[in-house]
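Asker: Have a look at this one.
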Amino acid sequence: MPRLDPSDVAACLRVLAALNDADDDPSAPVVREAVVSAYKSRKKHQRTARRTATSTHDLRVLTADGDAGPEGAGQDDAALLRARRCYVCKKHYRTVNRAYPLMCVPCSTGNTARRTARCDLRGRRALVTGGRIKIGFQTALKLLRDGADVIVTTRFPHDAARRFAAEADFTDWQDRLRVHGVDFLDLPAVVGLVDAVTARWGHLDILINNAAQTISRPFEYHRSLRAAETAALEGAAAGTTSPPPVPVVPATQVPALRSTVDYFPLGAVDETGEPLDLRPVNSWVLHLHEVSPREWMEVQVVNSFVPFLLTARLRPLLLASPHPDRYVVNVSAMEGSFSRRNKTSRHPHTNMAKAGLNMLTRTIAADYARDGIHVTSVDTGWVTDERPQGTKEAFHEAGFRVPLDVVDGAARVYDPIVRGVHGDRISGVFLKDYQVVQW
C-alpha cells in the first residue's frame, strides 16, 4: 500500500476535529459513515490476521515431527493457541504432547503406556489373519516378542517372510513364526488353513480375525507382489512359509487393461510401503448404487464369513488349550457401530461387514466364555487414510494427519489379551481406545 500523503492526513484530521460541531452540515453523515466503515474494516483485518497467525502456529505444532516410535517416546509438550477436542476423550485441550498431537496430555500419556503393554505368552499359540502389513504385522510382532508361537496368514507369504526377516530381532523368534499362504476368497483353502493349524498344533490359545478387504484392488495392482512371490526366499526368510496360494483367478485369464495399469506405476509405493494406487475413485468413497455385487460379496466373505468359519472350526483347538484363558479378537471398526451419531453414506458394504462381525461377537461371547474363551470386538482407531491418493495428498498438504499409527492400532488389538493374561478378562464387548463402548 502506498504511503499516505502528509497533507492528506492533515486534511483528514481537520475534518474529523470539526465533525462534532458540524451536525447541520449535510456532509457530516457521509463522513461519519466512512469513519465507522474504516474502523470496522480495520477490526476485521486484525481478526483475520489473528486467526491466520493462530491457525499457522497451531498447524505447525500439530504437524511437527514427533513420531512416537516403537517405545512411544515423544518430544516435549507444546501449546496450541486455540483449544481443540481430543481425539479420544473429546475434551478441549491446548497443551500438546508431540507424540500424539491430536490428543490431550492425559490421553496421550495413557496411549503411550498401552502402546508398549506386554504379557507373558510363552507356551501359547496364536493365529493372526492378514498379518503381512500394517496392524496385522505389528500385532504378530507383539505376540512373537512376548513368547507366543504364531501362524500368520496372507495372500503373499514370501513378501510377509521378507518383512519379518527384516526385523532387527528376527533371530530371537523366527523359530516360532510360520507364514501360511491363503486367499480368503478361496473357501476350500480356508478350510485347508484350519486343517493345517490342526495338524501343526494340538491346541490354540489366541485367534485374531484381522484380515479384511476395505479397498477393492484390480488384478493389475498386485502384479509386482505376485512377481516377487515366484522368487525364492533367501537368507533368514527361507523356511518360514507354506507354499504360496493358487490365485482364485489365474493370471492367464485376466486381460491387462492399459487404462487400469496406468493407475499403478511399477515400483511406486505409498506411505505404507504398498503399491501406489492413483485411481481418482476407490471403494472408500462409493455410494450404495456404485458398489458392484462382486465387491459386496468379496467384502462379506473376507470381513465377516471367514471369521465366522474360523471361530467355529477352531473352537475344538481352543478348547484343547492347557491354559484356562483363551482369546478371540475380532478386529472391527466404528463403521460397524449402530450407536455412532454421524454415519456417512459412503462404503455401505464395509459398514455392513463390520456390523456383522460385531454381531458375531455379541452372539457367541457368552457361550464361548463359559469354556474360558473370551471373545471381543476391537476398533483399531484411525490409523490410515483410505481416501483416493490425490485427495489424501491434498489433505496432507493442508495439514491433515491421522491421530494414530499402525503400532497404536495393534496395541488396541492386543489389549484384551494383555488384560486377560494379567487377570482382567473381558468378553462380549466392543472396545474403542481401550474402553468399552456401545455397539
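If you count by full-length UniProt numbering, then the sequence shown holds residues 1 to 439, one letter each, in order.
Ideal Cβ positions, reconstructed from N, Cα and C, are used throughout, including at glycine.
Where E220 and A320 are concerned, what is the direct C-alpha to C-alpha distance, given to the nearest angstrom?
Answerer: Roughly 43 Å between the two C-alpha positions.
Asker: In this structure, how does DSSP classify D8 when only helix, strand and coil are distinguished?
Answerer: It is helical.
Asker: Helix, strand or coil: how does DSSP classify T240 here?
Answerer: T240 falls in the coil class under three-state DSSP.
Asker: Please confirm whether V406 and V383 have their CB atoms less than 8 Å apart.
Answerer: Cβ distance < 8 Å, so V406 and V383 count as in contact.
Asker: Find out if the Cβ-Cβ distance for the pair L185, E298 is shorter than 8 Å.
Answerer: In contact: L185 and E298 (Cβ atoms closer than 8 Å).
Asker: Take the Cβ of G390 as the centre, count every other Cβ of all protein chains shown within 10 Å, and call the residue buried at 16 or more, exposed below.
Answerer: Per the 10 Å Cβ criterion, exposed.
Asker: In this structure, what does DSSP give as the bridge partners for I373?
Answerer: According to DSSP, I373 bridges with R326.
Asker: By DSSP, does D172 sit in helix, in strand, or in coil?
Answerer: In the structure shown, D172 sits in a helix (DSSP, three-state: H, G or I).
Asker: Helix, strand or coil for N210, going by three-state DSSP, please let me know.
Answerer: Residue state, collapsed to three classes: coil.
Asker: Under the assumption that D159 contacts L81 (Cβ atoms under 8 Å), give the Cβ distance between them as a whole number of angstroms.
Answerer: The Cβ separation is near 45 Å, so there is no contact.
Asker: At which residues does the alpha helix (DSSP H) containing L310 begin and terminate?
Answerer: Run containing L310: 306-313, per the alpha helix (DSSP H) assignment.
Asker: Is any heavy atom in the ligand ATP found nearer than 7 Å to the beta carbon of R313?
Answerer: By its list of ligands, the structure shown contains no ligand whatsoever, and the ligand ATP lies outside what it can speak to.
Asker: By how many angstroms is the C-alpha of V378 removed from the C-alpha of A333?
Answerer: When rounded, the distance between both Cα atoms is 7 Å.
Asker: Looking at the structure shown, is V36 part of a helix, part of a strand, or coil, going by DSSP?
Answerer: Helix at V36.
Asker: Per DSSP, N97 forms a beta bridge with which residues?
Answerer: D77.
Asker: Give the DSSP-derived three-state secondary structure of D367 in the structure shown.
Answerer: Looking at D367 - three-state DSSP - the assignment turns out to be helix.
Asker: Pick helix, strand or coil for Y422, following the three-state DSSP scheme.
Answerer: Here residue 422 turns out to be His, not Tyr, going by the sequence shown. It is coil, neither helix nor strand.
Asker: Quick check on P293: does DSSP put it in helix, strand or coil?
Answerer: Reduced to three states, the DSSP call for P293 is helix.
Asker: Compute the Euclidean distance between the alpha carbons of V418 and A49, then round it to the nearest angstrom.
Answerer: When rounded, the distance between both Cα atoms is 50 Å.
Asker: How many whole angstroms separate the CB atoms of L19 and R32, which I take to be in contact at a CB cut-off of 8 Å?
Answerer: With 8 Å as the limit, L19 and R32 qualify as a contact, their Cβ atoms being about 7 Å apart.
Asker: Would you check if the stretch 269-278 and the stretch 226-242 touch, i.e. whether three or more CB-CB distances between them fall below 8 Å?
Answerer: The stretch 226-242 is not in contact with the stretch 269-278.
Asker: Which same chain residues, not among the five before or five after Y263, have their C-beta less than 6 Å away from its C-beta?
Answerer: Cβ neighbours of Y263 beyond the five flanking positions: L278, R279.
Asker: With a cut-off of 8 Å on the beta carbons, I'd call A113 and V96 a contact; round off their distance for me.
Answerer: About 18 Å; that fails the 8 Å criterion.
Asker: May I ask you to report which of helix, strand or coil DSSP gives L127?
Answerer: In this structure, L127 counts as strand in the three-state DSSP scheme.
Asker: Pull the bridge partners of D149 from the DSSP assignment, please.
Answerer: BP columns for D149 point to R125.
Asker: Measure from the alpha carbon of R98 to the alpha carbon of each residue in K43, T129, R60, I364, then state which is nearest.
Answerer: Ranking K43, T129, R60, I364 by Cα distance to R98 puts R60 first.
Asker: Less than 8 Å between the beta carbons of D149 and R176, yes or no?
Answerer: It is a contact, given that the beta carbons lie within the stated cut-off.
Asker: Check this for me: beta carbons of D385 and N111, under 8 Å apart or not?
Answerer: For D385 and N111, no; Cβs fall outside 8 Å.
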